[in-house]
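J.: Residue numbers (the numbering used here), protein chains in the order written: chain A, 1 to 368; chain B, 1 to 273. Glycine included, C-beta positions come from ideal geometry on N, C-alpha and C.
So, in structure tokens, the structure goes:
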């Protein structure tokens, strides 16, 4: 997909500088259209694939019938598509988009293409809170209340992500100014601390809890239901809808915080907004699907090479490719070892870790 | 001459160390003010106080009579542009995109081809149209400096549009060591471009190390040493051998140009006069 976009962009003749600027805009637009096509195609594929294989044409017909309320609503295929696969697909699209956008936001904030919510402890904070809920939930919540502790998981993860972000922000901010370097280092320390605490949790948990914990830390979209989606989707949609407002500020921040201020950006307010959006996106994503790594690093970096680093294009493009990547990874996770399922975190790590290493080697000039 | 900027008793101290002692400074429309002084004299700090980047620990800075701390960032950005000492970027923006970022903070109004036209105009004035599509990460120090200059020019144009296409003037261009990486031809070209803006009524404030360039382009020179203004006035008065020896602690004999009689400095090796 990316090669096709790059090829067509380069073939536009750039006779004058004005043409060159127009060509770059056209290439960005083309990239976005190509990504939309990719996401739609992957979605139809994902709805059709599985133990009950349904051809794409029938998937589209079922969706149309479900939307209009006409025709076959209660057949077996229709139930598989709308009852099981559709909430899972939508969850995958939203979580993938949110993770990729959170990565792009964090990299812009840190002016560093290697920054990622996983790196600065936001994901580990959310993951730790989820772990606490799994292992200690039954002891902390009195049985008399009649609440299933597992239902508290999304809330716990969300609060954990938010709390670790706020602690991070408080440590790194003095006199209204945020030191990016301090934030990065404090994030690494917080991540290690959360890792240690998670280790303690694993030590005190029983066999069933240990299984849940492991499953959670590797990530999965398996638990997606319409009920869960109803809680998570509004948070993620609101986060995604708010990010384009920050595109100009992120572009200016890339030049440096002082330059961004010179250019007319309310820098401290923009930084606070970015931090809150990242916490919301990561917290809600971890709550929905556990800890899924590398999407936030791979997607924005790849897109900077294809559509350029302008955040007005990069943010929507990241949302689309992130959505596509996670749905694709989920498709692999639930088909390669069918009827069993791989945790999706294993698939994204298998794609992401080599990519990350390639990125590092490329920065050191060892690869073209 | 109307005052664009008035600084009254501005001082800046951080963790008990005073970097800028209480200073009064005004900048008039059409005036080019050059700040000179040795390393660590407080030149950049004074510039940051004037641009609003640093809040003074005492005193106040006014733009057109209004306290700078009371102006929102976007409003201030329409009134002044800053070409800071350039850093390398972490992301592969093109030169045209970086210049475009200069347009977006203030207005966001112009889009598509109109925005491109403004970008190309700024590139042309900084003599870097040929670099438009280049990745800024691959530029030389001098090319990067000219790209930053183009960005500042674009910001001034956008600011003028945002203030209802007001006549030039009322705006200020700050240049922090703008020619440090440029060859002589481009040093002169950049300062000529800045000087042309001043002739249109803008105020220009530049930090320069080259006293001869300062003398050529300044209406007024402010010499700083140890965070204090030790001399301020027209180049004729400030470029003085005794004064320069005090400020820079090396002998800097001052000569006169044949014809104009303007002063120039010809450095000598200490003790070999």
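Compare the C-beta of residue 256/A with all C-beta atoms of chain B and state if any pair is closer than 8 Å.
T.: At least one chain B Cβ lies under 8 Å of residue 256/A.
J.: Against chain A, with Cβ distances strictly below 8 Å, would residue 84/B count as a contact?
T.: By this cut-off, residue 84/B is an interface position.
J.: Assuming residue 172/B and residue 132/B form a contact by the criterion Cβ under 8 Å, report the distance between their Cβ atoms to the nearest whole angstrom.
T.: Contact flag wrong, Cβ pair sits at about 27 Å.
J.: State the Cα-Cα distance for the pair residue 45/B and residue 142/B, rounded to the nearest angstrom.
T.: For residue 45/B and residue 142/B, the distance between alpha carbons rounds to 23 Å.
J.: Can you name the residues of chain A whose CB is closer than 8 Å to the CB of residue 102/B?
T.: By Cβ distance, chain A contributes 263.
J.: Using a Cβ cut-off of 8 Å (strictly closer), state whether residue 102/A contacts chain B.
T.: No, no contact with chain B.
J.: Can you find at least 3 beta carbon pairs, one from the stretch 265-273 of chain A and one from the stretch 324-336 of chain A, that sit closer than 8 Å?
T.: No, the stretch 265-273 of chain A does not touch the stretch 324-336 of chain A.
J.: Does the stretch 69-88 of chain A come into contact with the stretch 199-213 of chain A, if we say contact requires no fewer than three beta-carbon pairs (one atom in each stretch) closer than 8 Å?
T.: Judged by Cβ distances under 8 Å, the stretch 69-88 of chain A makes no contact with the stretch 199-213 of chain A, as fewer than three pairs qualify.
J.: Is it a yes or a no for the stretch 159-177 of chain A touching the stretch 123-134 of chain A, going by three-plus beta-carbon pairs under 8 Å?
T.: With the cut-off at 8 Å, the stretch 159-177 of chain A and the stretch 123-134 of chain A touch.
J.: In whole angstroms, what separates the C-alpha of residue 101/A from that of residue 268/B?
T.: Their Cα atoms are separated by approximately 59 Å.
J.: For chain A, is any of its Cβ atoms less than 8 Å away from the one on residue 145/B?
T.: No, residue 145/B does not count as interfacial toward chain A.
J.: Chain B beta carbons: is any one of them nearer than 8 Å to that of residue 181/A?
T.: Taking Cβ atoms only, chain B never reaches closer than 8 Å to residue 181/A, which makes this a no.
J.: If you draw a straight line from the C-alpha of residue 238/A to the C-alpha of residue 221/A, how long is it?
T.: Computed Cα separation, rounded: 21 Å.
J.: Roughly how many angstroms separate the alpha carbons of residue 190/B and residue 19/B, rounded to a whole number?
T.: C-alpha separation (whole angstroms): 29 Å.
J.: Please report the distance separating the alpha-carbon of residue 82/B from that of residue 176/B.
T.: Rounded to whole angstroms, residue 82/B to residue 176/B spans 8 Å at the Cα level.
J.: Could you tell me which chain B residues have their CB closer than 8 Å to the CB of residue 20/A, listed as they occur along the chain?
T.: Simply 96, 132 and 133.
J.: Quick one: list the residues of chain B neighbouring residue 252/A, beta-carbon separation under 8 Å, in chain order.
T.: Those are 101, 104 and 105, listed as they occur along chain B.
J.: Going by other Cβ atoms of all chains shown within 10 Å of its Cβ, with 16 needed for buried, is residue 259/B buried or exposed?
T.: Residue 259/B is exposed by the Cβ-count criterion.
J.: Please list, in chain order, the chain A residues whose beta carbon lies closer than 8 Å to that of residue 274/B.
T.: Chain B is shown from 1 up to 273; residue 274/B falls before or after that span and cannot be answered.
J.: Can you pull the DSSP bridge partners for residue 263/B?
T.: The partner list for residue 263/B (beta bridge, DSSP) reads 256/B.
J.: Give the straight-line distance between the Cα atoms of residue 209/B and residue 228/B, rounded to the nearest whole angstrom.
T.: Taking the straight line joining both Cα atoms gives about 17 Å.
J.: Quick check on residue 1/A: does DSSP put it in helix, strand or coil?
T.: Low confidence applies here, because residue 1/A scores a pLDDT of 37, under 50, leaving its location unreliable and the question unanswered by this model.
J.: For residue 266/A, go through chain B and note every residue whose CB falls closer than 9 Å to its CB, in chain order.
T.: Ordered by position in chain B, the residues that pass the 9 Å Cβ test against residue 266/A are 72, 73 and 74.
J.: Is any heavy atom of the ligand COA found at a distance shorter than 7 Å from the C-beta of residue 303/A?
T.: Absence of the ligand COA is noted for the structure shown, with no ligands found whatsoever.
J.: Would you identify the three-state DSSP class for residue 55/A, choosing helix, strand or coil?
T.: In this structure, residue 55/A counts as coil in the three-state DSSP scheme.
J.: Which residues of the stretch 175-190 of chain B have a Cβ closer than 8 Å to any Cβ of chain A? Give them in chain order.
T.: Result list empty, no residue passes.
J.: Going straight from the alpha carbon of residue 192/B to that of residue 204/B, what length do you get?
T.: Roughly 12 Å separates the two Cα atoms.
J.: Please compile the residues from chain B whose C-beta is within a distance smaller than 7 Å of the C-beta of residue 310/A.
T.: Near residue 310/A (Cβ distances below 7 Å), the residues of chain B are 97.
J.: Whose CA, out of 202/B, 150/B and 68/B, lies closest to the CA of residue 130/B?
T.: Of the candidates 202/B, 150/B and 68/B, the one whose C-alpha sits nearest the C-alpha of residue 130/B is 150/B.
J.: Using a Cβ-Cβ cut-off of 8 Å, state whether residue 360/A counts as contacting chain B.
T.: No, because no Cβ of chain B sits closer than 8 Å to the Cβ of residue 360/A.
J.: Spell out the partners DSSP gives residue 275/A in its beta bridges.
T.: Answer is none; residue 275/A lacks a bridge partner.
J.: Report the partner residues of residue 174/B according to the DSSP bridge assignment.
T.: Bridge partners of residue 174/B: 82/B and 205/B.
J.: Three or more beta-carbon pairs under 8 Å between the stretch 129-139 of chain A and the stretch 191-205 of chain A, yes or no?
T.: Yes, the stretch 129-139 of chain A touches the stretch 191-205 of chain A.
J.: Using a C-beta to C-beta distance shorter than 8 Å, which residues of chain A count as neighbours of residue 116/B?
T.: Ordered by position in chain A, the residues that pass the 8 Å Cβ test against residue 116/B are 18, 21 and 22.
J.: Can you pull the chain A residues whose beta carbon is under 8 Å from the beta carbon of residue 149/B, in chain order?
T.: Ordered by position in chain A, no residue passes the 8 Å Cβ test against residue 149/B, which lies about 13 Å from the chain.
J.: Around the C-beta of residue 39/B, are 16 or more other C-beta atoms found within 10 angstroms, so that it is buried, or is it exposed?
T.: Exposed: under 16 other Cβ atoms inside 10 Å.
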